[in-house]
Structure formats: C-alpha cells, structure tokens
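See structure below.
Chains as they are written, first to last, in the working numbering: chain A, 1 to 597; chain B, 598 to 934.
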C-alpha cells in the first residue's frame with residue numbers, strides 16, 4: 001500500500017492513472033445514461049429536473065474530457081513512452097507522481113460537488129456544476145449563478161490544469177532527452193511522436209484556460225468585471241479564451257489515439273506504417289492549424305463575415321492533414337496480412353467512425369452552413385463520432401494492445417469481440433440519429449423537447465444505443481477484472497510488435513531494460529530488408545541498476561491545492577495560506593529529499 | 598468469403614436507411630432546417646447540400662477502400678510475409694492534393710454565402726429589435742411603435758432586419774425555417790436579415806444554453822400577408838380593452854391592479870413595470886410562457902398559480918390566487934385581445 005502511495009515508477013503511476021480514469025469514465029457514462037433516459041420521452045421526459053439535467057450534461061462533458069479521455073491517454077503516456085524510447089523512467093519521476101495526485105484530487109474535488117449541497121445550505125444534495133463544460137460567461141457570473149456550482153467547476157479545472165501542465169513538461173523533456181542511443185527523432189514510434197505533439201499543445205493551451213479561469217474566479221470572488229457587460233466587461237472575451245484552449249484540447253484528445261492506431265495497424269498488418277514521415281508531419285501540421293481555428297466554435301456569436309471566412313478556411317485546411325493520415329492508415333493495411341484481434345478491430349473501427357465525424361465536421365467548418373447546425377444535436381453527433389468513435393475506440397484499441405505489457409495478461413478475445421461489436425452498434429445507434437434530431441430542430445442541452453418536433457423516435461433510438469454502449473463497457477470491465485485473476489504469463493511480444501516495449505518482459509521489471517538498447521532503425525524488433533531484428537536483451541542486468549525509491553512529497557504537495565480551492569469555495573480566504581504553506585513545505589522537502597539508494 | 602469486419606460500414610448505412618424511413622412517417626417537423634422559407638434559410642440549405650454530397654462522395658471512397666483492404670488482405674496461414682512498403686511519394690502528393698481541390702469547391706460557396714448572409718438588410722427593411730430574457734423573447738418595432746412578446750409577426754415578402762441583444766445572459770435566436778441562428782449578447786447588437794417567402798407559423802427556440810429553463814425558451818414567428826400583418830399592427834397599437842362594468846373581466850382587472858402582477862408587468866394604463874413580458878394584448882397571442890404552452894384558460898390558471906413548477910427557474914412566483922379571483926384574472930387577461 002505504502003509503496004503505491006509513494007511510488008515514482010512510471011509503470012505504477014500509469015496503472016494508477018488507468019484505474020482512476022476508468023472509474024471516472026464509468027461515472028461520466030452514468031451521467032450520459034441519465035441524460036439519455038430523460039430524453040426518451042418528450043414534454044417532461046422521465047421527470048429528471050432541469051437543474052439535475054443541467055448538472056448531468058455539464059459533468060458528463062467535464063468528466064469525459066478532463067477526467068476520462070485525457071488521463072486514459074496519460075495512462076499510456078506513463079506506461080508506454082519510457083518503454084518505447086528505451087528509458088528507465090520519465091525525466092522527473094516525482095513530478096510524474098505529483099501530476100497523478102493532483103489529477104486524482106482535482107477529480108474528487110469536482111465530483112464532491114454532487115454531495116456538497118448541505119455544506120452550502122443549498123436545499124438540495126447536489127451542487128454540481130451546471131453551466132456547461134464550456135462555462136459561457138455571463139451565465140457563470142455571480143449574478144446568474146449565485147451558488148457554489150460554478151466555483152466547483154472553475155476551481156476543479158484549475159487544479160486539473162496543474163496536473164496536465166506538470167505532465168506536459170515532464171513528457172516533453174522525457175521524449176527529447178531520455179531516448180536510448182540511436183533513437184533519433186525520426187525513429188521514434190508514432191505513438192511517441194503524437195504524444196510529444198500532444199504535450200506541446202498541453203503546455204501552450206493550458207496556460208490560456210488557466211488565465212481565463214483566474215479572471216472568472218476574480219469576477220466571482222472579488223467582484224471584478226472581466227466578463228460582465230454591465231461593468232464594461234465582455235462575455236465574448238471568455239469565448240475566445242475558452243476556445244483558444246478548447247480547440248487545441250480537441251487535438252490533445254485525438255492525437256494520442258491517432259498515435260495508438262498508428263502502432264496497432266502495422267503490427268496487425270505485418271507491414272511498416274505507410275508514409276511514416278508524412279504521418280508524423282501531418283500530426284505536427286494538425287497541431288499548428290489547431291491553434292488557428294478556435295473561433296469556429298463561435299460562428300453564431302457575430303464575429304463578422306471576414307473573421308467567419310478566415311476561420312472557416314483555416315478549419316477546412318485541417319481536413320487535409322487529417323485525410324492524409326487516414327489514407328496512410330489504409331495504405332498500411334493494403335497488401336498486408338491483417339489479423340483481426342480486438343485491438344485491430346478497434347483500430348479499424350476508429351478509422352471507419354472517425355471519417356464520419358470528420359466529414360460532418362466539414363459541414364460545420366463552413367461558417368454559414370454552421371448557423372443551422374451549431375448548438376444542435378447535429379454537433380453532439382459530430383463530437384461523439386470524433387471523441388467516442390475516434391478517441392475512445394482508439395483508447396480501447398490501446399488497452400487491448402498494451403494490456404499484456406501493462407499486466408502480463410492477455411484480455412479474452414471472445415469478450416473483446418463482443419465488446420467491439422456491441423460498442424460499434426451501440427455508438428451508431430446512439431449518435432447517428434442525433435444528426436437527424438439536430439437538423440430537425442433539437443437544440444443541445446435541453447432537458448425536454450416538444451413532442452411536436454417529431455424527434456421522439458430519434459431520441460429513443462439514441463437512448464437504446466447509449467445503454468448498449470453501457471452493456472459493452474460492463475463486458476469490457478469484466479474482461480479487465482477477469483484477466484487480473486489469471487496468471488501473468490503473457491510473452492514479451494504477444495502480437496509481434498516492432499517497437500522497444502516488446503523487447504522486455506510483460507509486465508516489465510522495475511528497471512525496464514536490463515541493458516539500454518542501441519537503436520539502429522525505426523522497427524528494431526522486425527526483420528526488414530536492411531536490418532535484422534535487434535539481438536535479445538540479457539535476462540538479468542549485467543550490473544546493478546539504481547532505481548529511485550518512493551517519496552511522500554509529491555502527494556503532500558498536491559494536497560495543498562484542494563485546500564486552496566476549498567478556501568476560495570468557502571470564501572474563507574485565510575485558508576489559502578494553509579494551502580500555500582503545504583505546497584511550499586512540500587516543494588522544499590521534495591527538493592532536499594536525500595537521494596535514496 | 599466476406600466475414601466479420603466487412604460489416605463495419607454496413608452499420609451506419611443501414612441506419613441511414615432505417616432513419617430515413619422513420620423520417621418519412623413522422624410529423625411535419627415544424628423546426629426542421631430542411632423547409633427553408635426565406636432567402637437566408639434557402640442560402641444555408643443550398644450550401645449544406647453542396648457540402649453534404651461532397652462528404653458522401655469522400656465517405657464512399659474512403660470506406661470502400663477500407664472495406665476492400667479488410668476483405669482482401671485477411672491473414673492466411675502459410676502466406677509469404679507481406680512486402681515491407683514504407684510509403685509512396687506520388688500517392689502522398691495525390692491524396693494531399695485531392696482534398697485541397699474538394700475544399701476549394703466547398704470554401705468558395707461558403708465564403709460567398711457568409712457575405713451574402715452577413716445580416717445587412719437593404720434600405721427600407723422592417724427593423725425589429727429582438728431582446729432575449731431568461732427565458733422569453735421581446736420584440737420591439739421602433740418604426741411601428743409597438744412591442745410583441747415571444748411571437749414575432751412579420752410581413753410576407755418584406756426584407757426584415759433583426760437587431761438583437763440580451764437583457765441578461767447569452768441566448769441565441771433561432772427559427773430554422775427562416776434562417777440560421779445568431780447569439781444575442783448583452784452590450785452588443787447582432788444582426789440577421791431575411792425576407793420570408795411563405796406565410797405560416799414558424800417554430801424556433803433559444804439555441805444557446807442560458808440556464809435552468811433554456812429548454813423552455815421557445816419562440817414563434819408568424820409570417821402574414823400585408824393586410825393581415827397591418828391588422829395585427831393596428832391591434833397592437835390600440836389601447837387595451839376596457840372591461841364592461843360589473844363583468845368578471847372588470848373584477849379581474851381590479852385584482853390585477855392590487856396584486857403583485859403590477860410589480861413586473863405592463864398593461865397600458867394599468868401597470869407599467871418591465872420585469873416580465875408586457876400583457877397589453879396578451880389575449881391575442883397563441884401561446885404563453887415563452888411560447889411554451891397554448892394560451893388557454895387551463896394553462897393560464899396553472900401558470901398564475903405556480904409558474905416555477907411549469908418552467909423551472911421562472912421569475913414569476915406562485916400567486917396566492919384561487920377560485921373566483923383566479924377565474925376573474927384569467928378572464929381579464931383573455932379579454933386583452
């Protein structure tokens with residue numbers, strides 16, 4: 001137990017990220033099911049109140065983005081990246097532990113709002129955030145949201161941002177500095193490349209939301225007027241700041257999954273990734289363009305025809321590198337020998353579904369056309385084809401692929417196929433009809449709709465699909481738990497992968513590599529026309545390997561942050577100094593911690 | 598033999614077919630974007646279908662390639678190892694340029710439509726100020742000197758300029774049959790312009806999340822012939838009906854006068870408060886409560902007795918009125934044609 005609480009081993013932290021994020025994924029899924037259950041009937045639905053419904057969709061979005069998809073990617077960054085680049089750990093192992101604890105505490109802080117009502121005499125149990133995951137001003141102002149709900153949201157996100165930033169710097173330094181000899185940049189596995197790009201997006205995008213949240217906090221706590229029009233502020237400023245973060249965030253969510261798919265397709269096609277350099281550079285181009293398109297979330301806010309045209313054009317440009325990636329993935333499969341293991345099924349599912357989301361994206365990249373689509377269920381369909389059909393299927397693919405490496409156990413293929421087909425059918429039932437309900441006039445974020453809109457049947461199909469996804473997810477959870485009761489007997493390289501993580505035992509020993517390998521090409525474990533497979537590493541380290549011991553200080557430092565948040569939440573500001581003191585003492589002791597042997 | 602994964606793309610295609618079938622046998626879809634009845638809505642509709650067919654073409658090409666790859670290159674025992682192809686420069690250039698070309702065909706009409714629908718009506722257009730409130734709509738006709746609530750009346754074939762702002766949080770004015778949505782934002786004025794080409798009652802509702810009753814912030818646009826519209830304008834300009842002596846309506850007026858009603862509502866000559874919607878001609882409307890309920894005796898009773906239970910967050914508190922008093926107030930309101 002203590003060894004898990006103090007761990008600085010990237011593999012253990014990866015597992016902590018995985019299980020924590022998976023729990024939040026289940027919570028976010030339950031919130032989605034409440035939403036879908038309510039919408040099964042028009043004109044009042046099943047009786048979920050407007051207040052509860054607003055909390056549900058706010059927390060569903062916030063949870064899935066910040067507490068499920070990002071940290072599930074982080075689980076793979078943590079576990080896999082050091083192995084792929086031939087390192088013994090990340091560059092800053094204790095900072096890595098700090099990121100995890102901050103993430104956990106931030107997530108618990110946000111979800112604590114579900115039962116915190118009595119503390120604020122709110123007259124109801126839940127005071128969960130209720131202003132949408134995008135928290136548009138001036139609805140979030142003290143005047144229109146007087147309760148603690150929005151405070152929970154902004155403080156929770158602020159805490160989570162610290163976790164992401166710390167991890168972002170950590171992984172940039174790790175990937176740039178900790179590569180094994182010979183692992184040049186253009187020999188990095190595609191997943192590592194996409195992770196590197198993602199982390200650059202994190203360290204450039206999160207400061208923007210951090211500033212925006214500070215301004216919002218000042219508005220709410222100290223009565224400033226950054227976003228309050230009566231005081232000379234501007235609610236549109238919030239939209240710009242939020243989406244300057246929010247659009248790169250979309251690529252923060254999708255690029256890791258693209259990296260995962262770029263690993264799995266070659267392995268299960270027995271062919272190298274088609275157009276490796278093009279795939280890498282198109283990822284870089286997507287990230288750059290991702291910075292120039294934020295206002296396409298604001299086409300209805302009246303930016304004027306010139307701004308609308310520029311942002312529409314920039315958004316359309318993103319279709320080009322994205323299309324290039326898709327063609328290269330199909331090129332990878334072309335002429336290969338495909339084996340449809342669950343990881344491969346999910347990777348192909350990613351391609352098939354992501355195309356749908358990408359193409360509907362083009363219909364609202366067109367700013368004028370978007371005026372009929374934005375803020376309707378059509379957009380809900382789009383984001384779920386991209387974030388569920390894309391990111392989540394990609395992450396599931398990664399789970400099947402790397403689970404043997406992470407735990408030494410191969411997941412059941414039969415259950416995996418059930419999981420895949422139920423998920424694929426469920427997601428199409430859930431999300432495809434939303435295109436129709438949206439275009440037939442159903443706005444997003446409404447707890448009820450008129451029966452006369454004629455969208456009832458579409459909503460009912462969506463609800464059936466959502467519950468099907470729920471069943472599929474339970475099958476997957478059962479598969480995970482079942483595997484843990486079995487012997488850890490997976491071979492080093494169960495799938496015949498080409499990258500370094502497959503050169504070492506499953507699960508890897510604490511030091512990862514007995515000897516740091518020297519890399520001479522992009523596919524070290526494969527026989528190619530120019531290179532034989534790398535010689536196996538010795539079974540035992542030829543000389544003792546120093547592995548740093550654990551530390552309490554990352555966790556203690558992290559604990560100071562929710563204390564500060566509680567101070568802001570309760571408006572009892574002296575408590576801030578307690579939080580600051582914890583952080584300062586934590587960092588001081590961390591910095592002077594003796595080097596443990 | 599084709600097995601398993603080949604059905605990948607069958608799933609969405611079958612769904613489309615089923616859904617189209619379902620669409621065929623459902624109602625009239627009063628809020629659909631597919632029944633454009635103005636120049637604005639027609640322009641957006643044309644643009645959508647233009648992009649849609651490109652998207653369908655790309656979808657078919659890519660998914661077909663994917664399905665062929667799945668079907669043809671299934672691993673077979675004993676087959677020789679695949680050729681380790683690392684890429685193909687010519688192909689890369691090709692599938693970079695092809696999307697560029699398609700995007701040109703999408704971007705040019707997009708930008709044309711953006712400028713064509715930028716919200717500037719020609720000279721002589723009917724100006725209407727639209728003001729969003731939590732959770733109802735107010736329309737002011739400065740040139741006609743009248744106000745309307747929730748139901749926007751417009752003349753057929755006349756260019757209309759909507760100048761929109763908000764009294765509180767951000768809302769979005771959206772009547773899909775007449776065009777795209779625009780956000781209404783406190784401290785700013787956003788514009789849309791269009792000319793309706795068919796009479797009728799168009800449904801719409803707020804499209805930007807605006808708090809507890811966002812779902813209940815509906816609206817109607819009534820497009821009328823010139824003579825009908827003029828008749829409506831004349832009625833809105835007229836003084837409110839004066840109830841006959843001793844009638845239930847007169848009793849209702851007296852109760853209205855001495856109740857909390859006058860703290861929030863306007864009825865010309867009776868009350869002059871601006872918190873809630875004006876009621877001078879409330880009896881002439883088809884709906885109440887932000888176009889949420891039909892304007893009938895039963896709903897008016899329920900609404901006055903306990904508005905927040907019907908519309909979460911509604912600012913109008915439950916009124917301590919019952920029995921004959923309530924009947925009288927309802928009768929009075931209904932008389933305000």
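Virtual Cβ for every residue (Gly too), placed ideally from N, Cα, C. Keep in mind the model is a prediction, meaning the values are calculated, not measured.
By alpha-carbon distance to residue 561 of chain A, the top candidate from A:490, A:548 and A:582 is A:582.
Cβ proximity to chain B below 7 angstroms picks out 300, 301, 302, 305, 308, 309, 312, 313, 316 and 319 from the segment 299-319 of chain A. Counting every other CB atom within 10 Å of its CB across the protein chains shown gives residue 499 of chain A a total of 16 or more, marking it as buried.
One thing to note: residue 367 of chain A has its Cβ no nearer than 8 angstroms to the Cβ of residue 434 of chain A. Taking a contact as a CB-CB distance under 8 angstroms, the pair residue 141 of chain A and residue 242 of chain A does not count as one, their CB atoms being some 15 angstroms apart.
Against residue 736 of chain B, chain A offers no close residue; the least beta-carbon distance is about 18 angstroms (beta-carbon pairs closer than 7 angstroms). Between the segment 462-469 of chain A and the segment 422-433 of chain A there are three or more C-beta pairs closer than 8 angstroms, enough to call the two in contact.
Taking C-beta atoms as the reference points, residue 369 of chain A and residue 376 of chain A fail to come closer than 8 angstroms.
Collapsing the DSSP output to three states places residue 767 of chain B in coil. Close to chain A, meaning a Cβ-Cβ distance shorter than 7 angstroms, are the following residues of the segment 703-729 of chain B: 703, 704, 707, 708, 710, 711, 712, 714 and 715. Between residue 209 of chain A and the set A:220, A:162 and A:219, the nearest pair of CA atoms involves A:162.
Residues of chain A with a Cβ closer than 9 angstroms to the Cβ of residue 671 of chain B are, in chain order, 337, 338, 339 and 340.
The C-alpha of residue 749 of chain B lies about 15 angstroms from the C-alpha of residue 778 of chain B.
Judged by DSSP secondary structure, residue 792 of chain B falls within the beta strand (DSSP E) whose first and last residues are 787-792. Taking 8 angstroms as the CB threshold, residue 787 of chain B lines the interface with chain A.
Here the segment 116-136 of chain A does not lie against the segment 576-593 of chain A, with fewer than 3 beta-carbon pairs under 8 angstroms apart. Excluding sequence positions up to five before and after residue 64 of chain A, its CB lies within less than 6 angstroms of the CB of 28, all in the same chain and listed in chain order.
Residue range 10-38 is occupied by the alpha helix (DSSP H) that includes residue 35 of chain A. Distance check between residue 810 of chain B and each of A:458, A:485, A:445 and A:557 places A:445 closest, using alpha-carbon atoms only. When 9 angstroms is used as the limit between beta carbons, residue 324 of chain A is near these residues of chain B: 689, 692, 693 and 696, in chain order.
For residue 739 of chain B, no chain A residue has a C-beta closer than 9 angstroms to its own C-beta; the minimum C-beta separation is roughly 20 angstroms. Assignment of beta strand (DSSP E) within the segment 423-455 of chain A, counting only whole runs of 3 or more residues, yields no such run. Contact between residue 441 of chain A and residue 379 of chain A does not hold, since their C-beta atoms are separated by about 13 angstroms, which reaches or exceeds 8 angstroms. When beta bridges are read from the DSSP output, residue 817 of chain B appears opposite B:748 and B:800. Cβ neighbours of residue 5 of chain A within its own chain (closer than 7 angstroms, five residues either side excluded): 555. By the 16-neighbour rule on beta-carbons within 10 angstroms, residue 448 of chain A is buried.
For the pair residue 313 of chain A and residue 365 of chain A, the Cα-to-Cα distance works out to about 8 angstroms. Contact between residue 684 of chain B and residue 275 of chain A holds: their C-beta atoms lie close to 4 angstroms from each other, under 8 angstroms.
Excluding the 5 residues flanking it on each side, residue 464 of chain A has same chain C-beta neighbours closer than 7 angstroms at 429, in chain order. Rounded to the nearest whole angstrom, the CA to CA distance from residue 450 of chain A to residue 890 of chain B is 10 angstroms. Three or more Cβ pairs closer than 8 angstroms define a contact, and the segment 332-345 of chain A meets that threshold against the segment 658-670 of chain B. Under the Cβ distance rule, residue 920 of chain B does not count among the residues neighbouring chain A, no pair being separated by less than 8 angstroms.
Exposed is the label assigned to residue 823 of chain B, since fewer than 16 other Cβ atoms lie within 10 Å of its Cβ. Around the beta carbon of residue 759 of chain B, 16 or more other beta carbons sit within 10 angstroms, so the residue counts as buried. Nearest C-alpha to residue 383 of chain A among A:402, A:359, A:404 and A:48: A:359. Annotated three-state conformation of residue 228 of chain A is coil, per DSSP.
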